[in-house]
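Undergrad: Just dropping this structure here.
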Amino acid sequence: EAGVAQSPRYKIIEKRQSVAFWCNPISGHATLYWYQQILGQGPKLLIQFQNNGVVDDSQLPKDRFSAERLKGVDSTLKIQPAKLEDSAVYLCASSTDRQSYEQYFGPGTRLTVT
Amino acid sequence: DQQVKQNSPSLSVQEGRISILNCDYTNSMFDYFLWYKKYPAEGPTFLISISSIKDKNEDGRFTVFLNKSAKHLSLHIVPSQPGDSAVYFCAATASANNDMRFGAGTRLTVKP
Numbered sequence: 425e426a427g428v429a430q431s432p433r434y435k436i437i438e439k440r441q442s443v444a445f446w447c448n449p450i451s452g453h454a455t456l457y458w459y460q461q462i463l464g465q466g467p468k469l470l471i472q473f474q475n476n477g478v479v480d481d482s483q484l485p486k487d488r489f490s491a492e493r494l495k496g497v498d499s500t501l502k503i504q505p506a507k508l509e510d511s512a513v514y515l516c517a518s519s520t521d522r523q524s525y526e527q528y529f530g531p532g533t534r535l536t537v538t
Numbered sequence: 004d005q006q007v008k009q010n011s012p013s014l015s016v017q018e019g020r021i022s023i024l025n026c027d028y029t030n031s032m033f034d035y036f037l038w039y040k041k042y043p044a045e046g047p048t049f050l051i052s053i054s055s056i057k058d059k060n061e062d063g064r065f066t067v068f069l070n071k072s073a074k075h076l077s078l079h080i081v082p083s084q085p086g087d088s089a090v091y092f093c094a095a096t097a098s099a100n101n102d103m104r105f106g107a108g109t110r111l112t113v114k115p
């Protein structure tokens, strides 16, 4: 079974630029999550999708962050414009459904904003 | 708001001995708890979990203990092996919303 795929693995941008991350969850997983992990901290949930609908985006800074999962499979997370404090690892995870607490994580995208 | 806390940033143990990683939480709504293990440049991987209706769950060398009255859980690894060296994250969620909260992690080093 293929795991959660993410790309790119690393990205360096200047502040005020825009960036997008891509995630392909495990086949058949209905629920998809995006997390932000700042150095020295645990992952923080940004947004949760159930199929192609948003379940929870209460911690997503909506003035600059957006995410979509148009066909209920792949997802993209965008930051526009980026700030220095957005430097972090962005993790995508998936689970079979919302009632399954076991989440499978991708390797993450390490973003550096200079 | 840090609802899940891992107060020890690091832990070092000798191979063959017991590793005990601790986690505290503040939200009484949490009813499911998990431990994830993370190697460098990889995403966290699920290790073991426990429901609030239990106070212990065991899987091979790994045992998680839950003390609801103290809002405390711990992960025991016996015997510890060098391959267990990783960052361990404690996580908690409430079944009502499945909003997973993570601690900051504890870096375990098992010395040969």
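Quick mapping for you: the protein sequence lines, in order, are chains S and G.
Every position in the first sequence, counted from 1, becomes a number in the working numbering once 424 is added.
Every position in the second sequence, counted from 1, becomes a number in the working numbering once 3 is added.
The C-beta atom is built at its ideal place from N, Cα and C for all residues, glycine as well.
Owing to the predicted nature of the structure, the values given are computational and were not obtained by experimental measurement.
Is it a yes or a no for the stretch 91-107 of chain G touching the stretch 457-477 of chain S, going by three-plus beta-carbon pairs under 8 Å?
TA: Yes: the two stretches touch, three or more of their Cβ pairs being nearer than 8 Å.
Undergrad: Identify which residue in G:114, G:27, G:12 has its Cα closest to the Cα of residue 70 of chain G.
TA: Comparing Cα positions, the closest option is G:27.
Undergrad: State buried or exposed for residue 109 of chain G, treating a residue as buried only when at least 16 other CB atoms are found within 10 Å of its CB.
TA: Buried, because 16 or more other Cβ atoms sit within 10 Å of the Cβ of residue 109 of chain G.
Undergrad: Which class does residue 526 of chain S belong to by DSSP, given the choice of helix, strand or coil?
TA: Correct three-state label for residue 526 of chain S: coil.
Undergrad: Taking the alpha-carbon positions, what's the residue 484 of chain S to residue 114 of chain G distance?
TA: Each residue's Cα considered, the two are about 40 Å apart.
Undergrad: Within the 9 Å Cβ cut-off, does residue 497 of chain S reach chain G?
TA: Not one chain G Cβ lies under 9 Å of residue 497 of chain S.
Undergrad: Answer yes or no: do residue 40 of chain G and residue 90 of chain G have a C-beta to C-beta separation smaller than 9 Å?
TA: Closer than 9 Å, so yes.
Undergrad: Return the chain-ordered list of same chain residues with a C-beta closer than 7 Å to the C-beta of residue 11 of chain G, the five sequence neighbours on each side being excluded.
TA: The answer, listed in chain order, is 25, 109.
Undergrad: Assuming residue 59 of chain G is part of the beta strand (DSSP E), what are its boundary residues?
TA: Counting along the chain, the beta strand (DSSP E) containing residue 59 of chain G begins and ends at 59-62.
Undergrad: Report yes if the CB atom of residue 107 of chain G is closer than 9 Å to the CB atom of residue 8 of chain G, and no otherwise.
TA: Yes, the pair counts as a contact, with Cβ atoms nearer than the cut-off.
Undergrad: Could you list which residues in chain S have their beta carbon closer than 9 Å to that of residue 48 of chain G, in chain order?
TA: By Cβ distance, chain S contributes 528, 529.
Undergrad: Please report whether the beta-carbon of residue 512 of chain S lies at a distance below 9 Å from any beta-carbon of chain G.
TA: No, residue 512 of chain S lies away from the interface with chain G (no Cβ there is under 9 Å from its Cβ).
Undergrad: If I measure Cβ to Cβ from residue 59 of chain G and keep anything under 8 Å in the same chain, skipping five residues before and after, which residues do I get?
TA: Closer than 8 Å at Cβ, skipping near neighbours: 53, 66, 67, 68, 69.
Undergrad: Do the stretch 507-525 of chain S and the stretch 438-458 of chain S touch if we need at least three Cβ pairs shorter than 8 Å?
TA: Short answer: they touch.
Undergrad: Measure from the C-beta of residue 480 of chain S to each C-beta in chain G and report whether the shortest distance is under 9 Å.
TA: Yes, its Cβ sits closer than 9 Å to a Cβ of chain G.
Undergrad: Could you work out which residue in S:529, S:533, S:535 is closest to residue 46 of chain G when comparing CA atoms only?
TA: Nearest of S:529, S:533, S:535 to residue 46 of chain G, Cα basis: S:529.
Undergrad: Residue 512 of chain S and residue 460 of chain S look like a contact to me (Cβ under 8 Å); what is the Cβ gap, rounded to whole Å?
TA: At roughly 5 Å, the Cβ-Cβ gap stays under 8 Å, so residue 512 of chain S and residue 460 of chain S are in contact.
Undergrad: Would you kindly check if the distance between the Cβ of residue 22 of chain G and the Cβ of residue 62 of chain G is under 9 Å?
TA: Not a contact, by the Cβ cut-off of 9 Å.
Undergrad: Please report the distance separating the alpha-carbon of residue 30 of chain G from that of residue 76 of chain G.
TA: Residue 30 of chain G and residue 76 of chain G: Cα-Cα distance of roughly 13 Å.
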